[in-house]
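Undergrad: Under this note's numbering, read the sequence shown as residues 1388 to 1628, first letter to last.
Idealized CB from N, CA, C, for every residue including glycine.
One structure, as structure tokens, below. Some questions next.
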Amino acid sequence: MRYLILSDIHSNWEALEAVIEATKGTYDRALCCGDLVGYGPDPNPVVDWVRTNCQVVIRGNHDRAAVGLEDLEWFNPIARTAAEWTLKTLTPVNRDYILRLPQGPVAVDGFLLAHGSPLDEDEYLVHATEAAHQFPYVSHNLTFIGHTHLQGGFAWNGKRATQVCRAPQECQLDGETQYFINPGSVGQPRDSNPQAAYVIYEPEKRFVKFGRVPYDVGAVQKKIRDAGLHTTLADRLSLGR
Ligand code: ZN
């Protein structure tokens, strides 16, 4: 079994479409660690695809926000306006689908899917020290996480957490070690690389491949501006920030 792991698509259809094209025939099941919507101009095409093609999907904080499950006071004004726009734009079917998304972590085939961290869907795991506080409480050897939009991963040997699997590269997991692996963001990467990010995972080989693929950033930027969403959301896509 081969898995395509996606996260933080953020209503960016062109980025998702590029990942779909680049990975065609290389996986058996697609999974998503949340934040299907928010920020971007195409919530409905993204949710339509995820609904029909991803076998397991958990919610992210922007998904909660876009369907009224979140107090938007906690969002910055740009993200809040995008969430309100998304709520107006989603079709009833897609809004209902997002409303029903489960909170992570969810177990799949011996590993976990989480949005922020296995213990808190809203926590950002950016540094190994933050990951170190979580590992002792997680029963599974492997958890896929999202939320930070930073492709890569952390490893725990029972004493220390270290940053491993510095993307982009392939990563052979060790059966004795615990991992948090972030596939990166499809629709709004923040690691200074504007290309859409994803992971292909093969459990039998314990093999993780970090993928990046270019997409038509200019087309998405135009749609963001045409929709009246904040221009910052367009500008950041070409910087990967
Ligand atoms: Zn996100």
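Within the continuous alpha helix (DSSP H) that includes Tyr1484, where are the two ends?
TA: Stepping through the sequence shown from its first residue, residue 1484 is reached at position 97. For Tyr1484, the enclosing alpha helix (DSSP H) stretches over residues Pro1479 to Leu1486.
Undergrad: Below 6 Å CB to CB, which residues in the same chain sit around Ser1625 once its five sequence neighbours on both sides are set aside?
TA: Working through the sequence shown from its first residue, we reach residue 1625 at position 238. Pro1581 and Val1604.
Undergrad: Measuring only the C-alpha atoms, how far is Pro1430 from Thr1473?
TA: The sequence position of residue 1430 within the sequence shown is 43, counting from 1. The sequence position of residue 1473 within the sequence shown is 86, counting from 1. The straight-line gap from Cα to Cα measures roughly 7 Å.
Undergrad: How would you call Glu1404, buried or exposed, if buried means at least 16 neighbouring beta carbons within 10 angstroms?
TA: Here residue 1404 corresponds to residue number 17 of the sequence shown, with the count starting at 1. Buried is the label assigned to Glu1404, since at least 16 other Cβ atoms lie within 10 Å of its Cβ.
Undergrad: Taking 7 Å as the line, does the beta carbon of His1449 fall inside it for any heavy atom of the ligand ZN?
TA: The count along the sequence shown starts at 1 and reaches residue 1449 at position 62. Indeed, a heavy atom of the ligand ZN lies less than 7 Å from the Cβ.
Undergrad: Cβ of Asp1395 within 8 Å of Cβ of Gly1540?
TA: One-based indexing of the sequence shown puts residue 1395 at position 8. One-based indexing of the sequence shown puts residue 1540 at position 153. Contact flag unset, no.
Undergrad: So does His1520 have its beta carbon nearer than 7 Å to some heavy atom of the ligand ZN?
TA: Taking the sequence shown and counting its residues from 1, one reaches residue 1520 at position 133. No, the beta carbon of His1520 sits no closer than 7 Å to any heavy atom of the ligand ZN.
Undergrad: With DSSP as the reference, identify every bridge partner of Trp1543, one or two as the case may be.
TA: Counting from one through the sequence shown, the residue named residue 1543 turns up at place 156. Residue pairing by DSSP puts Trp1543 in a beta bridge opposite Ala1548 and Gln1565.
Undergrad: Using 7 Å as the cut-off, classify the Cβ of His1397 as near or not near the heavy atoms of the ligand ZN, replying yes or no.
TA: Position 10 of the sequence shown, counted from the first residue, corresponds to residue 1397. For the ligand ZN, at least one heavy atom lies less than 7 Å from the Cβ of His1397.
Undergrad: Rounding to the nearest angstrom, what Cα-Cα distance links Val1607 and Ser1504 in this structure?
TA: Here residue 1607 is taken as the residue at index 220 of the sequence shown, counted from 1. Here residue 1504 is taken as the residue at index 117 of the sequence shown, counted from 1. Each residue's alpha carbon lies about 29 Å from the other.
Undergrad: For the region 1405-1414 against the region 1456-1463, do three or more pairs of beta-carbon atoms, one drawn from each stretch, fall closer than 8 Å, so that the two count as touching?
TA: no
Undergrad: In terms of alpha-carbon separation, which member of Gly1421, Trp1436, Lys1411 and Gly1545 lies closest to Val1493?
TA: Position 106 of the sequence shown, counted from the first residue, corresponds to residue 1493. Residue Gly1421 is the option with its Cα nearest to Val1493.
Undergrad: The ligand ZN heavy atoms versus the CB of Asp1429: any closer than 7 Å?
TA: Working through the sequence shown from its first residue, we reach residue 1429 at position 42. No, the ligand ZN has no heavy atom inside 7 Å of this Cβ.
Undergrad: Please confirm whether any heavy atom of the ligand ZN lies closer than 7 Å to the CB of Asp1422.
TA: In the sequence shown, residue 1422 corresponds to position 35, counting from 1. Checking the Cβ of Asp1422 against the ligand ZN gives yes.
Undergrad: Where does Gly1574 fall in DSSP's three states?
TA: Here residue 1574 is taken as the residue at index 187 of the sequence shown, counted from 1. If DSSP states are grouped into helix, strand and coil, Gly1574 belongs with coil.
Undergrad: How far does the beta strand (DSSP E) with Arg1416 in it reach, from first residue to last?
TA: Within the sequence shown, the letter at position 29 stands for residue 1416. Arg1416 to Cys1419 is the span of the beta strand (DSSP E), which, as asked, contains Arg1416.
Undergrad: Arg1628 lies in the beta strand (DSSP E); which residues open and close that run?
TA: As a working note, residue 1628 is residue 241 in the sequence shown. Note, Arg1628: premise wrong, no beta strand (DSSP E); not H, not E.
Undergrad: With DSSP collapsed to three states, give me the class of Arg1599.
TA: What you label residue 1599 is simply residue 212 of the sequence shown in a count that begins at 1. Correct three-state label for Arg1599: strand.
Undergrad: Applying the criterion that 16 or more other CB atoms from any shown protein chain within 10 Å of the CB defines a buried residue, is Gln1550 buried or exposed?
TA: Locating residue 1550 in the sequence shown gives position 163, counting from the first residue. With fewer than 16 Cβ atoms within 10 Å of its Cβ, Gln1550 is classed as exposed.
Undergrad: Tell me the DSSP bridge mates of Gln1559?
TA: On the sequence shown, position 172 is the one that residue 1559 refers to. According to the DSSP secondary-structure assignment, Gln1559 is paired through a beta bridge with Phe1594.
Undergrad: Per the contact definition of three or more C-beta pairs closer than 8 Å, is the region 1439-1451 in contact with the region 1479-1492?
TA: The answer is yes - the region 1439-1451 touches the region 1479-1492, with three or more Cβ pairs under 8 Å.
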